[in-house]
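Position one of the sequence shown corresponds to residue 369 (the numbering used here), numbered consecutively onward.
Think of the CB as a built atom: it goes at the ideal place given N, C-alpha and C, for glycine as much as any other residue.
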Amino acid sequence: MIVTIDGVAASGKSSVSAGVAQALGVPYISSGLLYRAATLLGLEAGVDLGQEGAVLGCLNPPPRLEPLAAGNRVWQAGRDLTPDLHSTRVDRGVSVVAARPEVRAWVDAQLRALPAPLVAEGRDMGTAVFPHAGAKFYLTASPRVRAQRRAHERPEEVDAIEAALIERDRLDTTQSAPAPDAHVIDTGALSLQGVIDAVLARLPAR
Ligand SMILES: Nc1ncnc2c1ncn2[C@@H]1O[C@H](COP(=O)(O)OP(=O)(O)O)[C@@H](O)[C@H]1O
Ligand SMILES: Nc1ccn([C@@H]2O[C@H](COP(=O)(O)OP(=O)(O)O)[C@@H](O)[C@H]2O)c(=O)n1
């Protein structure tokens, strides 16, 4: 079975996916890492991130997602890009790159080639990439709660992180609508384990 976990920025998608995947004994995939990799490579090459052709030109050789249970990684040839994917400059540029149709097609093709069963997290896993998934979830939380969580992972103050999250949500609106058949979970009042348990409780009988 494929389980999709979409949601807004810093809503808990990757942590929840890792926990659900571990409970099910299947891999999880963090699709956002591929958009982040394309953004990082574009930034390093100094290209205009809005120029689709220029960004695509940086994906040679193509970065590959390694769906490790301990945390997904992205490799380009022998280089592990993962430690550089969660910087503030990648956060700022990624939505522009992710809006480009050919970049989305490149990510989608790589994800669809992975064998089920799996848990897939991102923005459009339940709508565009795996519309026939066996169970779909969409995580939310207020911008403040999400900023407070992310403040443990970024050098900026909570207010600046919150403003950046709100702006990224706005830029991601097109590809980030919940699937009509997704369970929407507000994670604001729940612990990480509480969200994992809520997802597991809503899975169809296995
Ligand atoms: N329900 C929760 N309660 C408290 N902290 C959480 C919860 N879910 C996630 N976190 C923490 O919030 C941060 C962002 O979570 P993450 O899984 O990276 O979100 P996303 O993949 O949506 O960006 C992480 O530090 C994570 O440990
Ligand atoms: N399936 C996906 C996943 C991510 N993305 C884009 O990639 C960016 C980074 O995604 P992410 O999941 O790593 O970001 P966080 O929610 O973890 O901050 C998002 O802001 C979107 O612009 C997307 O368009 N579609």
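- Item | G490 (DSSP reduced to helix, strand or coil) | Taking the sequence shown and counting its residues from 1, the one referred to as residue 490 is at position 122. Of the three classes helix, strand and coil, the one that applies to G490 here is strand, per DSSP.
- Straight-line CA distance for V415 to V487? On the sequence shown, residue 415 is found 47 positions in, with the first residue counted as 1. On the sequence shown, residue 487 is found 119 positions in, with the first residue counted as 1. Cα to Cα, the separation comes out at about 33 Å.
- Message: Let's test the definition: count the other Cβ atoms within 10 Å of the Cβ of A477 and tell me whether it reaches 16, buried, or not, exposed.
- Response: By one-based count along the sequence shown, residue 477 stands at place 109. Per the 10 Å Cβ criterion, exposed.
- Item | C-beta contact flag for A501 and G494 at 7 Å | On the sequence shown, position 133 is the one that residue 501 refers to. On the sequence shown, position 126 is the one that residue 494 refers to. With a cutoff of 7 Å on beta-carbon distance, A501 and G494 are scored as near each other.
- Query: Should the segment 511 to 524 be called in touch with the segment 560 to 567, which here means at least 3 C-beta pairs below 8 Å?
  - Reply: Three or more Cβ pairs closer than 8 Å define a contact, and the segment 511 to 524 falls short of that threshold against the segment 560 to 567.
- Message: Following a CB-centred definition, is A378 positioned closer than 6 Å to any heavy atom of ligand 1?
- Response: As a working mapping, residue 378 is identified with position 10 in the sequence shown. Relative to ligand 1, A378 has its C-beta within less than 6 Å of a heavy atom.
- Message: With a threshold of 6 Å (Cβ to nearest heavy atom), would R522 be considered close to ligand 1?
- Response: The count along the sequence shown starts at 1 and reaches residue 522 at position 154. Between ligand 1 and R522, a heavy atom-to-CB distance of less than 6 Å is absent.
- Grab the span of the beta strand (DSSP E) containing V338 for me, first residue to last. Absent from the model: residue 338. The displayed extent of the chain is 369 to 574, so no value can be given.
- Do V458 and R404 have their CB atoms nearer than 7 Å? Taking the first residue of the sequence shown as 1, we reach residue 458 at position 90. Taking the first residue of the sequence shown as 1, we reach residue 404 at position 36. Going by C-beta atoms, V458 is nearer than 7 Å to R404.
- Item | Whole alpha helix (DSSP H) elements within the segment 448 to 483, 4-residue minimum | Counting whole runs of 4 or more residues, the segment 448 to 483 contains the alpha helix (DSSP H) stretches 456 to 466, 469 to 480.
- Message: On the DSSP letters alone, give me the boundaries of the alpha helix (DSSP H) that G414 sits inside.
- Response: Residue mapping note: residue 414 aligns to position 46 of the sequence shown, counting from 1. Element bounds for G414: n/a, residue is neither H nor E.
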